[in-house]
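J.: Numbering (our numbering), first residue to last: 136 to 330.
Glycine is no exception: its CB is placed at the ideal position from the N, C-alpha and C atoms.
Source: prediction; values computed, not measured.
Encoded as structure tokens, here's the structure I'll be asking about.
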């Protein structure tokens, strides 16, 4: 079974929010930054494992090893034991991990946002087509209040508009049904606001 794209987005946004806090701690030389970063790396690695993204899990694992190597007093680039400027080496390793993790998470979130945006546009077109074909009225749109009603509306569209079945199958290549219903709910909410 697939993973809800909205769930992935929520977790990535949460991790990025934590990263912002860690960047602030880095700038302020806050005590305990290394432990907080190590925890975030572990959580992020577990998240990528949970959703089955082994390449990203591996990248985060490498960052965690990089940080732990520096914390143990070994330069992670040269693998030599550091006797002088150890604190500077650790700070450099922390910066590298923060920067690399930030790039990875932002890239993942960007891909998810692009997918959701593209899918939402397709669903908006379905709604416009349904309104133009008089399959649904603005009054009926106003009455849709729950996600269950959104689901029933989508099923209704599939029964009335032949192309929606094909669109649905195409959307299911990247999304789950629940993702589709959440996007349709967003479209309905935006239509309600415009009236």
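Can you check which of these residues, 180, 323 and 270, is closest to residue 296 by C-alpha distance?
T.: Closest option to residue 296, Cα to Cα, is 270.
J.: Tell me the DSSP secondary structure of residue 217 in three-state form.
T.: Coil, per DSSP.
J.: Under the three-state reduction of DSSP, which class applies to residue 270: helix, strand or coil?
T.: Of the three classes helix, strand and coil, the one that applies to residue 270 here is coil, per DSSP.
J.: First and last residue of the alpha helix (DSSP H) that includes residue 166?
T.: Premise fails: residue 166 is in no alpha helix (DSSP H) and is neither H nor E.
J.: Using 8 Å as the Cβ pair cut-off and three pairs as the minimum, do the region 216-226 and the region 287-294 touch?
T.: Touching, no.
J.: Should the region 165-178 be regarded as contacting the region 197-216, the criterion being three or more beta carbon pairs within less than 8 Å?
T.: Segments in contact, yes.
J.: At the level of alpha carbons, what is the spacing between residue 211 and residue 252?
T.: The alpha-carbon atoms of residue 211 and residue 252 are separated by roughly 40 Å.
J.: Which partner residues of residue 209 appear in the DSSP bridge assignment?
T.: Answer is 216.
J.: Where residue 299 and residue 292 are concerned, what is the direct C-alpha to C-alpha distance, given to the nearest angstrom?
T.: Their backbone Cα atoms lie some 7 Å apart in a straight line.
J.: For residue 310 and residue 254, what's the separation of their Cα atoms in angstroms?
T.: Whole-angstrom Cα-Cα distance: 9 Å.
J.: Count the CB pairs spanning the region 272-285 and the region 231-250 that are closer than 8 Å, and state whether there are at least three.
T.: As far as the Cβ criterion goes, the region 272-285 does not touch the region 231-250, which means the pair count is below three.
J.: What is the DSSP secondary structure of residue 264, reduced to helix, strand or coil?
T.: Looking at residue 264 - three-state DSSP - the assignment turns out to be helix.
J.: Among the candidates 149, 222, 163 and 321, whose CA atom is the shortest distance from the CA of residue 208?
T.: The residue with the shortest Cα to Cα distance from residue 208 is 222.
J.: Roughly how many angstroms lie between the CA atoms of residue 325 and residue 220, to the nearest whole one?
T.: Cα to Cα, the separation comes out at about 56 Å.
J.: Near residue 187, which residues of its chain fall below 8 Å by C-beta distance, leaving aside the five closest residues on each side in sequence?
T.: For residue 187, where only same-chain residues beyond five positions count, the Cβ hits under 8 Å are 138.
J.: At the 9 Å Cβ level, is residue 202 part of the contact set with chain C, yes or no?
T.: You won't find chain C in this structure, because it holds only one protein chain.
J.: Label residue 179 either buried or exposed according to how many other C-beta atoms from any shown protein chain fall within 10 Å of its C-beta, with 16 as the threshold for buried.
T.: It counts as buried.
J.: Which residues bound the alpha helix (DSSP H) around residue 156?
T.: 140-162 is the extent of the alpha helix (DSSP H) around residue 156.
J.: Would you report the Cα separation of residue 321 and residue 261, rounded to the nearest angstrom?
T.: Cα to Cα, the separation comes out at about 13 Å.
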